[in-house]
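There are 2 protein chains.
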Amino acid sequence: MTHPHSAHSVHVEKHFTAGDFVRDVVIGMSDGLTVPFALAAGLSGAAAPSSIVVTAGLAEVAAGSIAMGLGGYLAAKSDSDHYWSERKREEKEIEEVPDTEASEVAEILADFGLEPEEYWPVVNALRKRPEAWIDFMMRFELGLEKPDPGRALQSALTIAGAYIMGGIIPLFPYMVMPQAIEALKVSVAVTLVALLIFGFVKGLFTGTKPLASAFQTAIIGAVASAAAFGIARSING
Amino acid sequence: MTHPHSAHSVHVEKHFTAGDFVRDVVIGMSDGLTVPFALAAGLSGAAAPSSIVVTAGLAEVAAGSIAMGLGGYLAAKSDSDHYWSERKREEKEIEEVPDTEASEVAEILADFGLEPEEYWPVVNALRKRPEAWIDFMMRFELGLEKPDPGRALQSALTIAGAYIMGGIIPLFPYMVMPQAIEALKVSVAVTLVALLIFGFVKGLFTGTKPLASAFQTAIIGAVASAAAFGIARSING
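Shown next, in the form of structure tokens:
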């Protein structure tokens, strides 16, 4: 490659922005396609009418999307809080115990097999630049990346939206077919196709082999639903 | 503090091991306490008998724990795959285009305001140590940490177990009380207490203020259940 750094920047940028969006869609849609589908299958297994299946399914989609969305919001929020509290702490330490912090920089570089005469110029250079020094400690000592401010809300809406989109698909047959056990067959077929497509696309984005990803995703849905179906039937089948 | 580095090691270790376990428990139990609770509330709102609520609830717990557990397994697995494929790529680049990789190291250090004479010794030192050089690129260019091998399975079991533990709590009243609408009142009380305790403990581990965390967590459960309750009632209440 002729422009390795720009190529890498693109990669890194992807890794931290599109990557997060894709991850949120995957989190929301994986569960959205799987849980309401499995729940509906389970209730059909307990000989519940379609009306109950749809009620339970939509209640689950509402609860699941809100719970996952708000959960994602708070997770991103606390990542961000964690970063800023750690950053304040580094800033304080660099002011109050610069020598110990400098020796930490030395240790970090020594861990890469560098000799004192090789890393000392870096340590001294950072001591002259407190802001850069804090950035260095955050990224290289604590391995923390500066969080994107809009992240938490975007993450919440992405996860919730993906959950709802995924959840409606397996429930649709029950909305139009009064016999739950009949609707189940259509729901299984439609949802398995959706899981395969979703898994395939997910694979393209996440770097997993698309076909492997398609089958993994479909198998999760199948296993989860089989378990739900079996449990529901064993209770009042 | 007198031993800042050891203190930091402890912190970092926490951040990467106990931190992951706690995060998995939080992921599983947040949804486990919220979604089955909200689903049960929703079905009670649709005047379903306790038997249906319990069936739907347990079907949801089975589906949710399996879906989230397997989802967590695959997420950890693909993080690990991503790390090793990126590492292979860096290894290849360091062999094939060492000069461009060396200039990337220079750029990384220059971003911290270092002068060529300050970072050049480091660049040259890394060129003499390919393994350390790869580690340096993985951590400082791509910001990727070496994944723990047992992580994926441990993550799956932790999430699923936490989901089941959380999910049983709101369903228990429906198992012992035949009138769903009566059981609902007990379920609401028991689950709100559980959410507050869980949120408080979560806050202690994640660094969020415990009381704030307790109320945030309880509010997620309340909002999700209110939505599920409203939707279920609006369909066939």
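In order, the protein sequence lines correspond to chains A and B. For what it's worth, the working numbering labels the leading residue of the first sequence as 11, then goes sequentially. For what it's worth, the working numbering labels the leading residue of the second sequence as 11, then goes sequentially. Even for Gly, the Cβ is constructed at its ideal location relative to N, Cα and C. None of the values given here were measured: they were computed from a predicted structure.
Would residue i be called buried (16 or more neighbouring beta carbons within 10 Å of its own) or exposed?
| i | result |
| --- | --- |
| aspartate 109 of chain A | exposed |
| isoleucine 207 of chain B | exposed |
| leucine 214 of chain A | exposed |
| isoleucine 230 of chain A | buried |
| leucine 49 of chain B | buried |
| threonine 227 of chain A | buried |
| aspartate 121 of chain A | exposed |
| valine 203 of chain B | exposed |
| valine 186 of chain B | exposed |
| proline 188 of chain B | exposed |
| glutamate 127 of chain B | exposed |
| proline 159 of chain B | exposed |
| leucine 221 of chain A | exposed |
| alanine 199 of chain B | exposed |
| proline 183 of chain B | buried |
| glutamine 217 of chain B | With the sequence shown as reference, residue 217 of chain B is identified as glycine, and glutamine is not the correct amino acid for it. The residue in question, glycine 217 of chain B, is exposed, as its Cβ has fewer than 16 Cβ neighbours within 10 Å. |
| proline 46 of chain B | buried |
| isoleucine 241 of chain B | buried |
| serine 165 of chain A | buried |
| lysine 156 of chain B | exposed |
| tryptophan 143 of chain A | buried |
| lysine 219 of chain A | exposed |
| serine 75 of chain B | buried |
| proline 180 of chain B | buried |
| lysine 98 of chain A | exposed |
Which residues mark the beginning and the end of the alpha helix (DSSP H) in which residue i is found?
| i | result |
| --- | --- |
| glycine 209 of chain B | 190–216 |
| alanine 142 of chain B | 140–146 |
| glycine 74 of chain A | 60–106 |
| proline 159 of chain B | No alpha helix (DSSP H) holds proline 159 of chain B; DSSP gives it neither H nor E. |
| alanine 135 of chain B | 126–137 |
Applying a beta-carbon distance threshold of less than 8 Å, which residues of chain A neighbour residue i?
| i | result |
| --- | --- |
| serine 90 of chain B | None at all; the shortest Cβ gap to chain A is about 11 Å. |
| serine 40 of chain B | Ala77, Gly81 |
| alanine 242 of chain B | Thr65, Ala66, Leu68, Ala69 |
Give the interface partners of residue i over in chain A, defined as CB-CB distance under 9 Å, in chain order.
| i | result |
| --- | --- |
| aspartate 34 of chain B | Those do not exist, as aspartate 34 of chain B stays about 12 Å from chain A at its closest Cβ, beyond 9 Å. |
| alanine 48 of chain B | Ala69, Glu70, Ala72, Ala73, Gly74, Ile76, Ala77 |
| glutamate 125 of chain B | Pro131, Ala135 |
| glutamate 155 of chain B | Gly153 |
| valine 200 of chain B | Correct list: empty, because the minimum Cβ distance to chain A is about 17 Å. |
| glycine 52 of chain B | Thr65, Ala66, Leu68, Ala69, Glu70, Ala72, Ala73 |
In chain B, what lies closer than 7 Å to residue i by C-beta?
| i | result |
| --- | --- |
| serine 235 of chain A | Ala73 |
| threonine 218 of chain A | Ser88, Asp91 |
| isoleucine 144 of chain A | Within chain B, no residue comes near isoleucine 144 of chain A; the closest Cβ sits about 10 Å away, beyond 7 Å. |
| glutamate 128 of chain A | Pro131, Val132, Ala135 |
| lysine 58 of chain A | Per the sequence shown, residue 58 of chain A should be read as alanine rather than lysine. The contacting residues are Ile62. |
| glutamine 257 of chain A | Given that chain A is displayed from residue 11 to residue 247, the structure contains no residue 257 of chain A and the question cannot be resolved. |
Mind listing the chain B neighbours of residue i? Cutoff is C-beta to C-beta under 9 Å, in chain order.
| i | result |
| --- | --- |
| arginine 139 of chain A | Phe122, Gly123, Leu124 |
Would you mind telling me which residues of chain B sit closer than 8 Å to residue i, beta carbon to beta carbon, in chain order?
| i | result |
| --- | --- |
| aspartate 30 of chain A | Under the 8 Å cutoff, chain B gives no residues; its nearest Cβ is about 13 Å from aspartate 30 of chain A. |
| threonine 168 of chain A | Correct list: empty, because the minimum Cβ distance to chain B is about 16 Å. |
| isoleucine 230 of chain A | Ile76, Ala77, Leu80, Gly81, Leu84 |
| leucine 221 of chain A | By Cβ distance, chain B contributes nothing, its closest Cβ being about 15 Å from leucine 221 of chain A, past 8 Å. |
So which residues on chain E does residue i lean against when the C-beta distance must stay under 8 Å?
| i | result |
| --- | --- |
| serine 95 of chain A | In the structure shown, chain E cannot be found, because the protein chains are A and B. |
What does residue i touch in chain A if you count any residue whose Cβ is under 7 Å from its own?
| i | result |
| --- | --- |
| alanine 238 of chain B | Ala69, Ala72, Ala73 |
Do residue i and the ligand COA come close, with the Cβ less than 7 Å from some heavy atom?
| i | result |
| --- | --- |
| phenylalanine 182 of chain B | In the structure shown, the ligand COA is absent, as is every other ligand, since no ligand is present at all. |
**Study point:** Residues, ordered as in the chain, of the stretch 171–198 of chain B that lie near chain A by beta-carbon distance below 8 Å
**Key:** Taking 8 Å as the Cβ-Cβ cut-off, the stretch 171–198 of chain B has no residue approaching chain A.
Point to revise | Interfacial residues, the stretch 202–215 of chain B to chain A, with Cβ spacing under 8 Å | key: Taking 8 Å as the Cβ-Cβ cut-off against chain A, none of the residues of the stretch 202–215 of chain B qualify.
**Study point:** Residues of the stretch 107–118 of chain B whose Cβ lies closer than 9 Å to any Cβ of chain A, in chain order
**Key:** Val107, Thr110, Glu111, Ser113, Glu114, Glu117
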